[in-house]
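J.: Residue numbering for the sequence shown follows the numbering used here, starting at 104 and increasing by one per position. In this text, a Cβ means the ideal position worked out from N, Cα and C, and glycines have one as well. Remember, it's a predicted structure, so these values are computed and weren't measured experimentally.
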Amino acid sequence: MHLTSTDRLFVLTGAGISAESGLATFRGSGGLWSGHRVEDVATPEAWQANPAFVWNFYSMRRRNALAAEPNAAHIALAHIEQQLGDRFYLCTQNVDDLHERAGSHRIHHMHGSLFQSRCVRCNQPFPDQSFYDDAENLPTCSQCSAPIRPHIVWFGEIPLDMDTIYDQLDRSTILLVVGTSGSVYPAAGLVHIANQRGIRTIYIGPEEPTNAEAFEQIILGSATQALPTLFETQ
Ligand code: OAD
104 MHLTSTDRLF VLTGAGISAE SGLATFRGSG GLWSGHRVED VATPEAWQAN PAFVWNFYSM
164 RRRNALAAEP NAAHIALAHI EQQLGDRFYL CTQNVDDLHE RAGSHRIHHM HGSLFQSRCV
224 RCNQPFPDQS FYDDAENLPT CSQCSAPIRP HIVWFGEIPL DMDTIYDQLD RSTILLVVGT
284 SGSVYPAAGL VHIANQRGIR TIYIGPEEPT NAEAFEQIIL GSATQALPTL FETQ
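Rendered as structure tokens:
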């Protein structure tokens with residue numbers, strides 16, 4: 104990819120970029136966990152009905168993410184950020200911390216962060232790497248005793264800081280999307296906004312996403328194959 108000195112790169116990543124680090128994608132694994140659809144676990148309704156069950160799911164995801172390492176695609180994005188500085192912005196739908204561990208700084212987790220929790224009443228996120236597997240011993244707030252929940256955006260909730268996302272997209276000249284099926288909005292709609300603004304759009308992944316027709320260029324390949332080469336050839 105050729106970048107000029109005035110280009111601004113907006114990158115959107117999804118579960119596919121962490122697939123080669125050993126973290127299962129949502130649709131790739133059939134969207135199932137322990138026989139349940141992810142959509143039935145990652146919701147406010149599931150939390151209301153059975154918080155222990157929901158904590159069990161996120162404790163398992165914390166364990167898996169802690170055992171995983173960033174791959175060449177995460178590292179390639181950290182390198183391009185070093186070159187572009189504030190002309191780079193990374194918006195991820197992923198809740199793992201592999202981008203940060205690869206060296207990314209200008210990053211926004213629109214669906215929340217696996218290693219943060221928050222009190223359902225005070226709403227202040229705090230760092231948390233604990234596992235809550237014991238239904239009799241779920242965490243509560245030290246200030247107000249209300250339940251502590253994962254700092255994750257569930258289905259039916261609004262992604263975090265959409266204003267900044269739209270603002271950053273408006274200022275960019277290239278939208279690069281990596282490893283997302285294009286089936287969850289509003290993330291899947293960013294390519295349509297980019298098209299309205301005349302922003303160049305590129306998708307990288309082993310198969311076409313649901314919104315493939317909206318992209319100017321589709322590069323079929325895995326993130327670790329396609330991303331490092333993309334930046335080498337600029
Ligand atoms: P999906 O599981 O829907 O899609 C993963 C995408 O990654 C698919 O399009 C795969 O083709 C692609 N993929 C697989 N292996 C890859 C590789 N090695 N390199 C590049 N791409 C690869 O995951 P998302 O689109 O991220 O939301 O899912 C979006 C949201 O739905 C998630 O953030 C989550 C989920 O439910 C919430 O939890 C709110």
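Would DSSP call Ser162 helix, strand or coil?
T.: helix
J.: Just to check my reading of the structure: Thr302 and Ile277 have Cβ atoms closer than 8 angstroms, yes? What is that Cβ distance to the nearest angstrom?
T.: In the sequence as displayed, the identity of residue 302 is Ile instead of Thr. That pair is a contact at about 7 angstroms.
J.: Give the C-beta separation of Pro250 and Ser284 to the nearest angstrom, bearing in mind that I take them to be a contact with Cβ-Cβ under 8 angstroms.
T.: 32 angstroms between Cβ atoms; not a contact.
J.: Could you give the distance in angstroms between the alpha-carbon of Pro331 and the alpha-carbon of Gln185?
T.: 14 angstroms
J.: Beta strand (DSSP E) containing Thr195: first to last residue?
T.: Phe191 to Thr195
J.: Report the rounded CA-to-CA distance for Gln337 versus Ser108, giving the unit in angstroms.
T.: With a pLDDT of only 43 at Gln337, under the threshold of 50, the placement of this residue in the model should not be trusted, and no figure is reported.
J.: Would the beta-carbon of Glu310 be found less than 7 angstroms away from any heavy atom of the ligand OAD?
T.: The answer is yes for Glu310.
J.: Would you mind stating whether Val141 and Phe129 have Cβ atoms separated by less than 8 angstroms?
T.: yes
J.: With respect to 7 angstroms, is the separation between the Cβ of Gly117 and the closest non-hydrogen atom of the ligand OAD below this value?
T.: Remark: the C-beta of Gly117 is in contact range of the ligand OAD, defined as less than 7 angstroms to any heavy atom.
J.: Taking 7 angstroms as the cut-off, is the beta-carbon of Ser325 closer than that to any non-hydrogen atom of the ligand OAD?
T.: Yes, Cβ of Ser325 sits closer than 7 angstroms to a heavy atom of the ligand OAD.
J.: Near Pro154, what residues of its chain come up, given a Cβ to Cβ distance below 8 angstroms and the 5 sequence neighbours on each side ignored?
T.: Leu241, Pro250 and Arg252
J.: When the Cα atoms are used, what is the spatial distance from His139 to Leu187?
T.: 42 angstroms
J.: So Trp150 and Tyr235 are in contact, right, with Cβ under 8 angstroms, and what is the actual spacing, rounded?
T.: Going by Cβ atoms, the distance from Trp150 to Tyr235 rounds to 13 angstroms, so no, they are not a contact pair.
J.: Quick one: Cα of His177 to Cα of Ser245, how far?
T.: 36 angstroms
J.: Report whether the distance from the Cβ of Glu203 to the nearest heavy atom of the ligand OAD is below 7 angstroms.
T.: No; taking the cut-off as 7 angstroms, the Cβ of Glu203 has no heavy atom of the ligand OAD nearer than that.
J.: At what residue ranges does the stretch 106 to 183 contain a whole run of the alpha helix (DSSP H), taking only runs of 4 or more?
T.: Counting whole runs of 4 or more residues, the stretch 106 to 183 contains the alpha helix (DSSP H) stretches 147 to 152 and 154 to 170.
J.: Note down the Cα distance separating Arg164 from Cys225, rounded to an integer number of angstroms.
T.: 24 angstroms
J.: Which of the three DSSP states, helix, strand or coil, is assigned to Gln232?
T.: coil
J.: Select from Val256, Ala118, Leu106 and Asn298 the residue whose C-alpha is nearest the C-alpha of Glu148.
T.: Val256
J.: Using the Cβ count rule (16 or more neighbours within 10 Å means buried), how would you classify Tyr269?
T.: The residue in question, Tyr269, is exposed, as its Cβ has fewer than 16 Cβ neighbours within 10 Å.
J.: Across which residues does DSSP place Gly308 in a beta bridge pair?
T.: Leu323
J.: Find out if the Cβ-Cβ distance for the pair Phe258, Thr146 is shorter than 8 angstroms.
T.: A contact, by the Cβ cut-off of 8 angstroms.
J.: Straight-line CA distance for Gln227 to Glu203?
T.: 21 angstroms
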